[in-house]
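K.L.:
For the sequence shown, my numbering gives the first residue as 3, with consecutive numbering after it.
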Amino acid sequence: MEQLAVINLSCPSCGQDCKDLRRYALSHQLSVLESNIDRMCAKFDSKLNALLHSMYRTKAELDRSFGTFVKALRPGPLTGRTNQDLVTTRGNAMAEVQSDISGFRDHVVRPFENNIANLATFLGVAAGADETDMSFPYLLHFDALFYRSRLIVLEEGLRMQIALNNIRGNSQHTSIMAKTLQAMTVMEAKEHLATIGTAIEACEAKGLKRLETELRLVQIFFHIVLRDAGTRSSLDVSASLTKIQDLCQTFPKTAGLLSNTYAAVKAVVYGQQRCGRMYTEESVKVWWTWPKYITGKLKYCTFGHPYSGETWADCPECGEEVQKPQARNPESFLKEKDFVAAMRAMAKNTKQWRV
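1) Which whole-angstrom value describes the C-beta separation of Thr176 and Gly82, a residue pair presumed to lie in contact below a C-beta threshold of 8 Å?
2) What are the start and end residues of the beta strand (DSSP E) that includes Arg309?
3) Is the Cβ-Cβ distance between Ser151 and Pro79 less than 7 Å?
4) If Leu53 and Leu147 are in contact, beta carbons under 8 Å, what's the gap, nearest whole angstrom?
5) Helix, strand or coil for Lys211? Go by DSSP, reduced to three states.
6) Between the alpha carbons of Glu319 and Arg212, how many angstroms are there, rounded?
7) Let me know if His307 comes out buried or exposed under the rule of 16 or more other beta-carbons within 10 Å of its beta-carbon.
8) Within 10 angstroms of its Cβ, does Ile296 collect 16 or more other Cβ (buried), or is it exposed?
9) Span of the alpha helix (DSSP H) holding Glu45?
10) Restricting to Cα atoms, I'd like to know which of Leu249, Met189, Ile178 is closest to Gly232.
11) Can you tell me whether Lys301 is helix, strand or coil according to DSSP?
12) When the Cα atoms are used, what is the spatial distance from His243 to Ala265?
13) Evaluate contact between the region 62-74 and the region 309-319, counting only Cβ atoms and requiring at least three cross-stretch pairs below 8 Å.
14) Hey, is the region 244-259 in contact with the region 200-217, meaning 3+ C-beta pairs nearer than 8 Å?
15) Anyone know if the C-beta pair for Ile169 and Leu259 falls short of 7 Å?
16) Taking the alpha-carbon positions, what's the Phe68 to His194 distance?
17) Distance check for Ala97 and Ser104, CA to CA, integer angstroms please.
18) Can you check which of these residues, Ala201, Gly298, Lys301, Ile226, is closest to Leu153 by C-alpha distance?
19) Leaving out the 5 sequence neighbours to the left and right, which residues in its chain are closer than 6 Å to Met57 when beta-carbon positions are compared?
20) I need the boundaries of the alpha helix (DSSP H) containing Glu157, first residue and last residue.
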């Protein structure tokens with residue numbers, strides 16, 4: 003990148019600027035490539051933060067209005083349509099946010115990352131080359147955000163289904179609607195439980211430790227939704243929890259920020275009642291630093307993740323690996339013969355004292 007930045011785009015004879023000439027256009031674009039990437043990273047971080055804020059603002063509104071929704075539900079055979087409209091309105095509350103997430107991801111982020119990948123191939127930039135191997139996390143970030151928005155919708159679907167079943171003197175219309183809502187929730191949760199595995203594998207391949215941990219937690223959330231809906235899932239929860247624990251311990255500055263969330267999710271998996279929001283203040287620490295991205299000091303970590311050297315001291319995606327201490331076997335410190343001899347001597351002394 004530094005070599006590209008010093009390309010001279012002026013005519014050596016007359017000094018005229020050549021950057022607007024067709025034959026020099028590629029050279030000009032390459033000379034400003036690093037600054038363009040820097041600005042796009044800042045834009046993506048800011049957009050992620052804005053969409054995350056919109057998502058949780060909608061979630062907070064759903065929580066506040068749930069009591070009003072329950073009071074508005076009516077029993078009787080003539081209220082089925084009214085109840086259906088109430089359910090539909092709440093079910094579509096997240097639709098605009100999801101549309102914004104998927105639209106920006108598919109029309110901006112995906113083309114950008116694909117074009118950078120094509121340019122890297124054209125320039126011969128690959129793993130093991132002298133130049134930095136660029137590995138962008140943003141497409142997976144927006145995937146994670148979309149999964150989290152769908153999780154909110156599915157959890158709300160379960161709440162509404164329970165509220166519908168609790169109506170006394172329920173109409174057939176409302177009963178069918180409750181069963182349909184449960185079936186749709188189960189079907190979509192199973193679908194996301196399977197497809198999120200592909201995103202987790204991509205995170206593993208790119209070394210995105212914090213994002214991998216986040217996606218694994220979301221995957222377990224989908225498992226909890228299925229369990230609460232009375233359906234078994236195909237997820238090996240024990241193995242997933244072990245993997246998350248290993249990530250949190252090995253990468254404490256990135257994945258480790260989700261340690262409290264991991265503990266809360268584990269408690270719910272093993273039977274405790276969910277209490278409040280799963281994501282603690284420490285967990286969301288990185289998310290709220292996204293809009294603080296400062297351009298002008300673009301850096302790449304060993305995995306090729308771009309980040310602002312002004313905003314973060316280290317890569318916020320992977321962080322420094324910490325070696326876990328080797329487990330010690332206490333039996334290796336015991337001398338069996340000496341131990342047995344000492345116990346026999348103690349027993350003998352005790353017997354003599356009693357006599």
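All C-beta atoms in this analysis are idealised placements derived from N, C-alpha and C, irrespective of residue type, glycine included. Since the model is a prediction, treat every value here as computed from it, not as a measurement.
P.N.:
Taking the structure as given:
1) Counted from its first residue, the sequence shown places residue 176 at position 174. Counted from its first residue, the sequence shown places residue 82 at position 80. Contact flag correct, Cβ pair sits at about 5 Å.
2) Stepping through the sequence shown from its first residue, residue 309 is reached at position 307. This sequence places Tyr at residue 309; Arg is not what is there. Its beta strand (DSSP E) spans residues 308-310.
3) As a working mapping, residue 151 is identified with position 149 in the sequence shown. As a working mapping, residue 79 is identified with position 77 in the sequence shown. No, they are not a contact pair.
4) Here residue 53 is taken as the residue at index 51 of the sequence shown, counted from 1. Here residue 147 is taken as the residue at index 145 of the sequence shown, counted from 1. Their Cβ separation, rounded to whole angstroms, is 6 Å, which keeps Leu53 and Leu147 in contact under 8 Å.
5) Locating residue 211 in the sequence shown gives position 209, where the first residue counts as 1. Note: Lys211 maps to helix in three-state DSSP.
6) Indexing the sequence shown from 1 puts residue 319 at position 317. Indexing the sequence shown from 1 puts residue 212 at position 210. Approximately 6 Å between the Cα atoms of the pair.
7) Along the sequence shown, one-based indexing puts residue 307 at 305. His307 should be labelled buried.
8) In the sequence shown, the residue the question calls residue 296 occupies position 294. Exposed, because fewer than 16 other Cβ atoms sit within 10 Å of the Cβ of Ile296.
9) Taking the sequence shown and counting its residues from 1, the one referred to as residue 45 is at position 43. Residue identity check: residue 45 is Lys in the sequence provided, not Glu. Taken as a continuous stretch (DSSP letters only), the alpha helix (DSSP H) holding Lys45 covers 35-74.
10) As a position in the sequence shown, residue 232 is number 230, starting the count at 1. Here the closest residue by C-alpha is Met189.
11) By one-based count along the sequence shown, residue 301 stands at place 299. Three-state result, Lys301: strand.
12) By one-based count along the sequence shown, residue 243 stands at place 241. By one-based count along the sequence shown, residue 265 stands at place 263. Checking the sequence shown, residue 243 turns out to be Leu, not His. So the two alpha carbons sit approximately 9 Å from each other.
13) no
14) yes
15) One-based indexing of the sequence shown puts residue 169 at position 167. One-based indexing of the sequence shown puts residue 259 at position 257. No; because the gap between Cβ atoms is not below 7 Å, this pair is not in contact.
16) Within the sequence shown, residue 68 is the residue found at index 66, counting from 1. Within the sequence shown, residue 194 is the residue found at index 192, counting from 1. Each residue's alpha carbon lies about 25 Å from the other.
17) Walking along the sequence shown from the start, residue 104 turns up at place 102. Walking along the sequence shown from the start, residue 97 turns up at place 95. Roughly 11 Å between the two C-alpha positions.
18) Indexing the sequence shown from 1 puts residue 153 at position 151. Closest option to Leu153, Cα to Cα, is Ile226.
19) To locate residue 57, count along the sequence shown from 1; it is residue 55. Excluding residues within five positions, the ones whose Cβ falls inside 6 Å are Val99, Ser151.
20) Looking up residue 157 in the sequence shown gives position 155. From DSSP, the alpha helix (DSSP H) with Glu157 extends over 140-167.
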